[in-house]
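If you're matching positions, the sequence shown starts at 378 in the numbering used here and goes up one per residue. Even for Gly, the Cβ is constructed at its ideal location relative to N, Cα and C. Structure first, commentary second.
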Amino acid sequence: MYKIAVIAGDGTGPEMVKEGLKVLKAVSDVKGIQFDYKQYDFGSNRYLQTGETLPDSAVSELKQFDAIYLGAIGDPRVAPGILEQGILLKLRFELDLYINLRPVKLYPGVETPLKDKGPKDIDFIVVRENTESLYIGAGGFLKKGTQDEVAMQNMIMTRKGTERCIRYAFDLTRRRNKEKKLTLCGKTNVLTYAWNLWERTFNEVAGEYKDIKTDYAHVDATTMWFVKNPEWFDVIVTDNMFGDIITDLGAMIQGGMGVAAGGNINPQGVSMFEPISGSAPKYAGKNVINPIATIMAGQMMIDFLGEHEAAALIEEAVMDTIKKMKSMSAGKMGMGTDEVGDRVAEYIKKKGK
Ligand code: IPM
Ligand code: MN
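Below, the structure is given as structure tokens:
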């Protein structure tokens, strides 16, 4: 029995999570895995009604679960930053979810904007550090509001934070067993303190992983290779900021925000899984949003919980469903949000017996 905290969130979050839970119900039926869900209402409505984003008590409560399943957070009625920092980033920091794992995998039948590239070319994983760098919120203003104003936003890297992320990436590269190649994505030529620490740590840890090939690419060049030669990548490790940016590009080459899922992972604690898209409020309640990313977040979640067979079955079901969808974009799928979930669930029930 797995205890799962569900935060459906804002906008299209609840619709997408509904399909994700439908799919998990199907694997639960055929594989005999039990889930015990508890829903939490963190998000814009609760904030607008109570002024509360994420109470401290919730953080300790969430630590009691086996995993957290998140839809999306964000609402145009709330000023940018409040919900992102108050809920999403707070969870990442307080639960020490120090890895943000973002697979970039193009499934057969999904359209990529990259000409002449297909599923065999686009299949890599980005390991994004998730608790440090520019996201830490260190900085401030001097002489705010004057012509002499100074704003500082500090890129803070720690040896411990860097090393645990790099070690995770090496272990993952070994487990994944594809090309056994790990690329460090940074900016050693300009950010000579922060990225020098990463580079030294990376090279030191590499000494313990002689079976893993290592490579380095500056972040700007990385974006170029994503478009020109995505087949060069197996696993990429990078910091929070660069990881945020390159994984949006990664999502686009794998078919868009409708398919990209991610895991916020604390290998020693509770982890949280989410579609990497936002809440897409303009599509809310219309049954047009693509739930595949959220379904795949659920897939990553159970894989992480150790249910590898059930996870493989969900992926197979998703791949089969994708073939029948006209597009991965909201409103253009040729079927409704609920029908996508139905098809994935039906496949699982048929094949999983
Ligand atoms: C992401 C998002 C978040 C981030 C925002 C919503 C704070 O863009 O998960 O990539 O920047 O990390
Ligand atoms: Mn992002």
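Using DSSP's beta-bridge definition, name the partner residues of residue i.
{"i": "isoleucine 384", "result": "Tyr417, Leu447"}
{"i": "arginine 479", "result": "Val503"}
{"i": "threonine 591", "result": "Leu559"}
{"i": "tyrosine 379", "result": "Phe412"}
{"i": "phenylalanine 579", "result": "Note: phenylalanine 579 sits in no beta bridge, so no partner."}
{"i": "glycine 762", "result": "This structure cannot speak to residue 762, because the chain is shown only from 378 to 730."}
{"i": "phenylalanine 518", "result": "Ala528"}
Assign residue i to one of three DSSP states: helix, strand, or coil.
{"i": "isoleucine 653", "result": "coil"}
{"i": "tyrosine 512", "result": "helix"}
{"i": "alanine 403", "result": "helix"}
{"i": "valine 357", "result": "Residue 357 is absent from the structure shown; the chain starts at 378 and stops at 730."}
{"i": "phenylalanine 442", "result": "coil"}
{"i": "isoleucine 613", "result": "strand"}
{"i": "isoleucine 679", "result": "helix"}
{"i": "glycine 538", "result": "helix"}
{"i": "alanine 689", "result": "helix"}
{"i": "aspartate 661", "result": "According to the sequence shown, residue 661 is alanine rather than aspartate. DSSP places alanine 661 in coil when its eight states are reduced to three."}
{"i": "asparagine 573", "result": "helix"}
{"i": "alanine 707", "result": "coil"}
{"i": "arginine 318", "result": "With the chain covering 378 to 730 only, the question about residue 318 has no answer from this structure."}
{"i": "lysine 700", "result": "helix"}
{"i": "aspartate 433", "result": "helix"}
{"i": "aspartate 498", "result": "coil"}
{"i": "methionine 738", "result": "Because the chain here runs from 378 to 730, residue 738 falls outside it and cannot be looked at."}
{"i": "leucine 460", "result": "helix"}
{"i": "threonine 550", "result": "helix"}
{"i": "valine 374", "result": "Past the edges of the chain, shown from 378 to 730, lies residue 374, and the structure says nothing about it."}
In terms of residues, what are the limits of the alpha helix (DSSP H) holding residue i?
{"i": "alanine 628", "result": "617-630"}
{"i": "aspartate 715", "result": "714-728"}
{"i": "isoleucine 533", "result": "No alpha helix (DSSP H) holds isoleucine 533; DSSP gives it neither H nor E."}
{"i": "valine 596", "result": "596-605"}
{"i": "glutamate 471", "result": "467-471"}
I need the straight-line Cα distance from residue i to residue j, nearest angstrom please.
{"i": "asparagine 566", "j": "methionine 529", "result": "21 Å"}
{"i": "aspartate 498", "j": "threonine 698", "result": "21 Å"}
{"i": "aspartate 413", "j": "leucine 466", "result": "25 Å"}
{"i": "valine 455", "j": "leucine 425", "result": "8 Å"}
{"i": "histidine 595", "j": "glutamate 585", "result": "23 Å"}
{"i": "phenylalanine 603", "j": "threonine 427", "result": "43 Å"}
{"i": "phenylalanine 681", "j": "serine 706", "result": "27 Å"}
{"i": "tyrosine 379", "j": "aspartate 443", "result": "6 Å"}
{"i": "glutamine 636", "j": "aspartate 616", "result": "For clarity, residue 636 is valine in the given sequence; the question names glutamine instead. Whole-angstrom Cα-Cα distance: 23 Å."}
{"i": "serine 656", "j": "lysine 587", "result": "42 Å"}
{"i": "aspartate 433", "j": "leucine 468", "result": "10 Å"}
{"i": "asparagine 477", "j": "proline 652", "result": "12 Å"}
{"i": "methionine 696", "j": "lysine 521", "result": "53 Å"}
{"i": "threonine 569", "j": "glutamate 526", "result": "26 Å"}
{"i": "glutamate 716", "j": "isoleucine 725", "result": "14 Å"}
{"i": "phenylalanine 619", "j": "methionine 393", "result": "27 Å"}
{"i": "arginine 552", "j": "glutamine 524", "result": "54 Å"}
List the endpoints of the continuous beta strand (DSSP E) containing residue i.
{"i": "glutamine 529", "result": "The residue you asked about is not glutamine; residue 529 is methionine in the sequence shown. Here the beta strand (DSSP E) through methionine 529 covers 527-530."}
In its own chain, which residues sit with a C-beta less than 6 Å from the C-beta of residue i, not counting the 5 before and 5 after it?
{"i": "glycine 516", "result": "Met529, Gln530, Asn531"}
{"i": "isoleucine 613", "result": "Val503, Thr560, Cys562"}
{"i": "glycine 486", "result": "Ile699, Lys700"}
{"i": "alanine 661", "result": "Gly388, Thr389"}
Could you pull out every residue in the same chain whose Cβ sits closer than 7 Å to the Cβ of residue i, ignoring the five residues on either side in sequence?
{"i": "arginine 720", "result": "Thr698, Lys701"}
{"i": "aspartate 473", "result": "Thr508, Asn643, Gly646"}
{"i": "isoleucine 533", "result": "Glu509, Ser510, Ile513, Ala515"}
Quick check: is any heavy atom of ligand 3 less than 7 Å from the C-beta of residue i?
{"i": "aspartate 621", "result": "As presented, the structure is devoid of ligand 3, carrying ligand 1 and ligand 2 as its sole ligands."}
Could you name the residues of the same chain whose beta carbon sits closer than 8 Å to that of residue i, not counting the 5 residues immediately before and after it, in chain order?
{"i": "glycine 420", "result": "Ile384, Ala385, Gly386, Asp387, Gly390, Ile450, Asp452, Leu460, Ile464"}
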